[in-house]
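Down below is the structure, laid out as structure tokens.
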Amino acid sequence: MHAIELDNVSKIYRRYSGRQFSTLKSALLQRSLMQNLRPNEMFPALTDVSFTVPKGATYGVIGKNGSGKSTALKLVAGITKPTTGTVRVDGRVSALIELGAGFHPEISGRENVFINGIMLGLTKREVQERFDEIVDFAELREFIDAPVKTYSSGMYMRLGFAVAIHVDPDVLLVDEVLAVGDEGFTHKCLDKFSEFRRRGRTILLVTHSLSLVERFCDDALWLDNGHAMTHGDPRRVVDAYLTNVEHSEAALLAATTARAVEGAKKKGRDGPEGQEGKDARQERRGTGQDGRDRRDGQDRRASQEPKRDGPAPVADMSQSVEGRWGSREVEIVDVSFVDRDGQPSFVFHSGDPLTVRVKVRAVQPTNDFVFGVGLFNAEGVCCYGTNTFLEDMTPERLDGDAEYTFAIDSLDLVEGTYKMDVAVHKLDGYPYDYHRLLYTFRVKSRTRDVGIYRPRHSWNFSRGIRFKQQ
């Protein structure tokens with residue numbers, strides 16, 4: 001037996017445009033508010049969506065903003081009607097769809113509890129019997145007689161949730177309201193969900209918390225642009241959704257990187273604000289390869305042998321800006337990130353291999369060249385930097401078109417966005433071609449740890465310590 005059933009449901013909203021009905025009479029005389037609208041005047045919030053929720057099940061709905069999740073809940077709640085298709089709900093419904101929906105701001109929390117309880121199907125006596133429990137759950141005892149307009153968003157949410165669950169509904173609809181609650185109240189709500197499940201109640205939950213869907217839901221639905229993409233086992237649905245999100249992120253990062261590289265080309269060889277000279281000096285300082293002091297007007301080539309100690313060539317990014325500079329005697333013509341399958345990518349998972357593939361072109365043969373890379377997080381903190389000279393590779397010859405790769409066996413970084421510097425320069429730091437902050441990629445992880453580096457690790461516990469199996 002199904003508590004909720006949607007059968008080929010579509011919901012079309014009318015976009016605002018200059019062509020409006022002047023009066024209700026004129027709209028009615030045209031027989032339909034939708035039939036005569038042009039396609040660009042209509043917005044399909046849902047298109048032929050079908051799903052069922054068995055009685056006693058917890059059902060999750062996921063998707064990006066604007067995918068139709070809230071519209072689906074409003075249809076189930078009866079707040080709006082489908083344009084086409086059928087919606088069936090069996091049992092008393094309690095909906096917590098919009099923050100503070102149904103509350104009158106000018107009257108007290110006490111009066112709003114009674115009004116909302118009666119609207120949700122309780123008698124005045126039933127509301128009175130449950131009043132203390134509602135107020136205590138919402139943690140609003142000292143504010144219950146204050147006007148609701150004086151409440152914070154969290155207080156609004158707590159009171160609305162407390163009323164909704166104490167109506168004792170057969171079907172509870174919840175739309176991403178836990179996002180504004182503090183950690184303690186969120187745990188109380190999750191405990192209440194568990195209690196509802198034990199009592200055989202039906203829950204329809206819209207949320208961006210994918211871990212919550214995997215933890216609590218029996219089934220899940222993924223909506224995208226008003227279409228049902230897939231439904232079934234929560235882990236499978238979440239994985240499919242995340243894969244789609246990664247493809248979208250990769251496309252966005254590819255476009256962002258292409259714009260950054262193209263913009264750097266247009267700025268010319270010297271880069272912004274004489275960047276070439278300044279960063280050439282920074283480069284030499286960073287690798288411990290300072291040349292001769294230029295006070296006597298000598299050129300930038302070092303008169304002493306470069307040292308092999310010192311930090312990475314690009315150790316401090318806090319004051320750096322995106323750009324490209326250098327003489328282009330050796331030019332970096334293409335940079336790409338490659339995944340474990342040898343395919344270009346901009347999204348990787350923590351622990352994945354990553355290969356940086358760089359194509360270069362030497363105008364004239366040379367035996368004076370160093371290849372360098374620098375890895376930084378979004379805040380400009382250096383995660384790692386190295387070059388071929390620091391790793392004791394002595395250059396012999398570079399001629400014409402060539403390619404090199406920098407392969408990372410395991411990308412042990414926490415989730416986040418990262419930038420890659422790529423450079424080719426002389427042994428004394430003189431830059432042939434330097435690309436700073438032009439190449440962006442993203443690391444994804446289901447583990448919400450913090451920092452930069454994810455060391456390989458394990459936990460071990462004595463017999464007196466035990467954890468629940470996940």
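At position 296 of the sequence shown the residue is numbered 296 (the working numbering), and the sequence of numbers has no breaks. Every residue gets a Cβ at the ideal spot worked out from N, C-alpha and C, and that includes glycine.
In the structure shown, Y430 adopts coil according to DSSP, grouped into three states. Under the Cβ criterion (8 angstroms, minimum of three pairs), the stretch 209-224 counts as touching the stretch 43-59.
For S94, the enclosing beta strand (DSSP E) stretches over residues 93-96. Comparing C-alpha distances from E5 to each of G63, L75, A45 shows the shortest one belongs to L75.
Distance from V370 to F389 at the Cβ level is roughly 5 angstroms; contact confirmed, criterion being Cβ atoms closer than 8 angstroms. Here the alpha carbon of T440 sits roughly 35 angstroms from the alpha carbon of T186. With 16 or more other CB atoms across the displayed protein chains lying within 10 angstroms of its CB, M157 is buried.
Straight-line spacing of the CA atoms in T58 and V171 works out to 10 angstroms. When only Cα atoms are considered, H2 and K55 end up about 5 angstroms apart. Judged by DSSP secondary structure, R454 falls outside any alpha helix (DSSP H); it is assigned neither H nor E. Membership of Y151 in any alpha helix (DSSP H) is not indicated, and neither H nor E is assigned to it by DSSP.
I107 is not a Cβ neighbour of S70, given a cutoff of 8 angstroms. Ranking R357, G372, E331 by CA distance to the CA of V363 puts E331 first. The continuous beta strand (DSSP E) containing Q364 extends over residues 354-366. Counted as a single uninterrupted DSSP element, the stretch harbouring V381 is not any alpha helix (DSSP H), since DSSP gives it neither H nor E. Nearest Cα to S152 within the set E133, L140, R199: L140. The three-state reading of DSSP puts T388 in coil, since its state is none of H, G, I, E or B. Closest option to G60, judged by alpha-carbon separation, among T80, V87, V237: V237. Under the 8 angstroms Cβ criterion, the stretch 341-351 counts as touching the stretch 403-416, having at least three qualifying pairs. Each residue's CA atom was taken as its position, placing D7 and H227 some 13 angstroms apart. Judged by beta-carbon spacing, E322 lies within the 8 angstroms limit of L437, meaning their Cβ atoms are closer than that value. R125: member of the alpha helix (DSSP H) spanning 124-138, first to last residue.
DSSP, reduced to helix, strand and coil, places M393 outside both helices and strands of the structure shown, so it counts as coil.
Contact between the stretch 239-257 and the stretch 334-346 is present, with at least three C-beta pairs closer than 8 angstroms. When beta bridges are read from the DSSP output, E403 appears opposite K359. For M119, the enclosing alpha helix (DSSP H) begins and ends at 109-119. Within the same chain, and ignoring the five residues on either side of F137 in sequence, the residues whose Cβ sits closer than 6 angstroms to its Cβ are A162. Judged by DSSP secondary structure, E246 falls within the alpha helix (DSSP H) whose first and last residues are 234-266. Linking A164 to K468 through their CA atoms gives a straight-line distance of about 31 angstroms. Restricting attention to T256, I62, R397, the CA atom closest to the CA of N244 is found in I62. A distance below 6 angstroms between beta-carbons, with the five flanking residues on each side excluded, links V127 to the following residues of its chain, in chain order: F114, G117.
Linking Y241 to I203 through their CA atoms gives a straight-line distance of about 21 angstroms. Closest in C-alpha terms to G400, from the list E329, P82, R215, K124, comes E329.
If you check the CB distance, V422 and V358 come in under 8 angstroms.
Take L205, set aside five residues on each side of it, and the residues of its chain with a beta-carbon closer than 6 angstroms to its own are G60, V174, in chain order. For V49, the enclosing beta strand (DSSP E) starts and ends at 42-54.
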